[in-house]
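Asks: Submitted below is the structure of interest, expressed as structure tokens.
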Amino acid sequence: MAGFIEAVDLRKTYRIGKVDVQALRGVSLSVNRGEFVSIVGPSGSGKSTLFYLLGGLARAESGHLVVDGDDFALLSDAERTNMRKRKIGFVFQKFNLLPTLDAGSNIQIAVEIAGHSAPDPVHFEKIVRLLGVQKRLSHRPSEMSGGEQQRVALARALVNKPAIVLADEPTGNLDSENSEIVLNMLKQTNRELGQTVLMITHNPEAARYGDRIVHMRDGLMVSAERDPQWAGRN
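If you count by this note's numbering, then the sequence shown holds residues 1012 to 1245, one letter each, in order.
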């Protein structure tokens, strides 16, 4: 297994009432370190289930998944939780910022969850400047636009220097202007900080920000392409 992330024949079935639904029917994916991969598909295609498996939030029923040398099949639940804290940053469609905390505290709470007393000050300053939120650190979520909140959420995902960033519909709650801003910043952080990024999206325009686009349907990967707009620019 050569990839930084290596998934082989992943399968996952959910029980809904009396019906078994095959969310993944044998998905394989290899991702290089520092690559930005967009995973595209309609609702029910299995892309969100793949997201949960890659983030260690669920277990596959069969197949193999190795992330940065860690074989998920061999890790206990506690070990997978620790691995997530050390190696993975999450960005979701909902910003999930705590309304009673200002932006700076919302970013730093990820540091506390990971078991650190304080962030690396140089890295903290770099990401808040890179994401353009350095002047908003004392503001609460209600005092920020949706685009600003999502940039704070991205800063929170990056503050612990994760090797991997998993983004699930990161522009789903944003207008087109803020979507473009957030996607450009996600791509810029991928280039400048070197994180491996996997982005789940149903939006083909958003998907083009990836170095590679993987299409899913009915629990299978049906095609993959390199987008000329971004390919080879890392």
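Even for Gly, the Cβ is constructed at its ideal location relative to N, Cα and C.
1) Across the stretch 1074-1090 and the stretch 1148-1159, are there enough close Cβ pairs to call them in contact, namely three or more that are closer than 8 Å?
2) Distance, Cα to Cα, H1134 vs F1047?
3) Report the partner residues of H1075 according to the DSSP bridge assignment.
4) Rounded to whole angstroms, what is the Cα-Cα separation between S1246 and E1216?
5) Starting from the Cα of N1093, find the closest Cα among Q1160, G1014, L1061 and N1171 and give me that residue.
6) By Cβ distance below 7 Å, which residues in the same chain neighbour A1168 in space, the five residues on each side in sequence not counted?
7) What's the call for P1110, buried or exposed, on a 16-neighbour Cβ count within 10 Å?
8) Which residue's Cα is closest to the Cα of S1073: A1018, I1120 and S1056?
9) Count the CB pairs spanning the stretch 1181-1192 and the stretch 1122-1142 that are closer than 8 Å, and state whether there are at least three.
10) Tell me whether T1060 sits in a helix, a strand or coil according to DSSP, three-state version.
11) Pick helix, strand or coil for H1134, following the three-state DSSP scheme.
12) Going straight from the alpha carbon of G1052 to that of S1059, what length do you get?
13) Pull the bridge partners of T1182 from the DSSP assignment, please.
Replies: In short, the structure shows the following:
1) In this structure the stretch 1074-1090 does not lie against the stretch 1148-1159, because fewer than three pairs of beta carbons, one per stretch, are closer than 8 Å.
2) As a first step, residue 1134 is located in the sequence shown; it is residue number 123 there, counting from the start. As a first step, residue 1047 is located in the sequence shown; it is residue number 36 there, counting from the start. Going from the Cα of H1134 to the Cα of F1047 covers about 21 Å.
3) Residue mapping note: residue 1075 aligns to position 64 of the sequence shown, counting from 1. H1075 is bridged to V1019.
4) Coverage of the chain is limited to positions 1012 through 1245, which leaves residue 1246 absent and any answer about it impossible.
5) Along the sequence shown, one-based indexing puts residue 1093 at 82. Checking every option, the nearest Cα to that of N1093 belongs to N1171.
6) Here residue 1168 is taken as the residue at index 157 of the sequence shown, counted from 1. Excluding residues within five positions, the ones whose Cβ falls inside 7 Å are G1100, F1101, V1102 and V1176.
7) Stepping through the sequence shown from its first residue, residue 1110 is reached at position 99. The residue in question, P1110, is exposed, as its Cβ has fewer than 16 Cβ neighbours within 10 Å.
8) The residue labelled residue 1073 in the question sits at position 62 within the sequence shown. Of A1018, I1120 and S1056, the residue nearest in Cα terms is A1018.
9) The stretch 1181-1192 makes no contact with the stretch 1122-1142; the number of CB pairs closer than 8 Å stays below 3.
10) Within the sequence shown, residue 1060 is the residue found at index 49, counting from 1. Note: T1060 maps to helix in three-state DSSP.
11) By 1-based counting over the sequence shown, the position of residue 1134 is 123. Here H1134 sits in helix by DSSP.
12) In the sequence shown, residue 1052 corresponds to position 41, counting from 1. In the sequence shown, residue 1059 corresponds to position 48, counting from 1. Cα to Cα, the separation comes out at about 10 Å.
13) Counting from one through the sequence shown, the residue named residue 1182 turns up at place 171. Answer is none; T1182 lacks a bridge partner.
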